[in-house]
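For the sequence shown, the residue numbers in numbering that gives the first Met the number 0 are 0 to 277.
Yeah, the Cβ is synthetic: ideal placement off N, Cα and C, and Gly gets one too.
These notes concern the structure reproduced below.
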Amino acid sequence: MIVPNAPQAAADVARHYDELDEAYRRIWGEHVHHGYWVTGREGAAEAAEALTRLVGEKLAFRAGDTLVDIGCGYGATAAHFARAGAEVTGFTLSEAQVAVARLRSESGLSFDVRDWLANGLADASFEGGYAIESSEHMEDKPRFFAEAARVLKPGSLFVVCAWLEGESATTWQVRHLLEPICREGRLPSMGSRADYEALAAAAGFRLVSYDDISRNVRRTWSICARRFAGKLVTDRDIRRLALSKATQSRDFILSLPRLILALRNGAMRYGVFVWEKA
Ligand SMILES: C[S@@+](CC[C@H](N)C(=O)[O-])C[C@H]1O[C@@H](n2cnc3c(N)ncnc32)[C@H](O)[C@@H]1O
């Protein structure tokens, strides 16, 4: 498990997404997750939708199922599943994100600003759950899994898309890529595939499948870096956000080249886990 040199708390994660709200939406869009390229010819928005569809296929939910979206961002994935008949409850730490999510018009959606680690949900109250790129931000990863196991009904599926430490990351890669990515991206820790599998098993999950889709998602960051460079020239708000010392989260800019490199050289992996609540 990679742990950054400076501790990262839930308040730091909330500030990151609140401060960078406009930047995320103007540069990447309403999905705050990697794109998933299958043919390689997809546009960025299409690739982001494709990751949502992949999670939906893995969840294999039916119309009427209740789903919990752990770290729901702007609610784009939840809305996609609601259009297929699911009832989705989403939590984020960001006020800015929930304000956008609540503007969605699909029925069967509910969004709240709430820490997943103290979610207050009833035991065995959901028929499926998913966490797309949010587990990395959780300070207490055993509790992240324990809470998922608690609120899911027996037999439910739990899908997690996660940034992972590559099993063979070198000391140089940890020092110059993974540790700074954790610090600049407000990740209290970054686990490996083995860490996640052990934590999930301890919480009572049975592994159904694991897919390493690093090669399919890695194009995300070169597109973001290119778009960000363009916005610095054309978008006064983004330029002000990036250049102002008052923007505490602007060090994430330094992670753009690190992420490009880490996903290319295998220091960081992108995994999709499917577990079943025993
Ligand atoms: C990279 S974004 C992903 C958003 C969304 N899943 C998506 O794919 O568009 C990470 C999300 O996790 C949320 N998050 C991180 N830690 C959380 C926590 N402890 N409780 C609730 N949400 C959390 C953040 O607020 C943010 O919405």
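Is the region 189–199 touching the region 250–259, taking contact as three or more C-beta pairs under 8 Å? Contact between the region 189–199 and the region 250–259 is not established, with fewer than three Cβ pairs separated by less than 8 Å.
Taking 6 Å as the cut-off, does the CB of Y16 come closer than this to any heavy atom belonging to ligand 3? No copy of ligand 3 occurs in the structure displayed; its ligands are ligand 1 alone.
Can you tell me whether F90 is helix, strand or coil according to DSSP? In this structure, F90 counts as strand in the three-state DSSP scheme.
If you follow the beta strand (DSSP E) that F60 is in, where does it begin and where does it stop? Membership of F60 in any beta strand (DSSP E) is not indicated, and neither H nor E is assigned to it by DSSP.
Between the alpha carbons of L151 and D17, how many angstroms are there, rounded? Between L151 and D17, the C-alpha separation is close to 29 Å.
What would DSSP say about R205, mapped onto helix, strand or coil? Residue state, collapsed to three classes: strand.
I'd like the list of long-range same chain contacts for R101, defined as Cβ closer than 7 Å, with 5 residues on each side in sequence excluded. Within the same chain, Cβ atoms closer than 7 Å to the Cβ of R101 are found at F110, the five residues on either side in sequence being excluded.
Y23: which of L176, W220, S104 and A261 sits nearest, CA to CA? Of L176, W220, S104 and A261, the residue nearest in Cα terms is W220.
Quick one: what's L66 bridged to in DSSP? According to DSSP, L66 bridges with V87 and G127.
For G32, which option in F90, G107, R142 and G70 has the closest C-alpha, if you only look at C-alpha atoms? Correcting the residue type first, residue 32 is His in the shown sequence and not Gly. Looking only at F90, G107, R142 and G70, the smallest Cα-Cα distance to H32 is reached by G70.
Assign L102 to one of three DSSP states: helix, strand, or coil. Three-state DSSP puts L102 in coil, outside helix and strand.
Are there any heavy atoms of ligand 1 lying less than 6 Å away from the beta-carbon of M137, as far as the coordinates show? For M137, the shortest separation between its Cβ and any heavy atom of ligand 1 lies below 6 Å.
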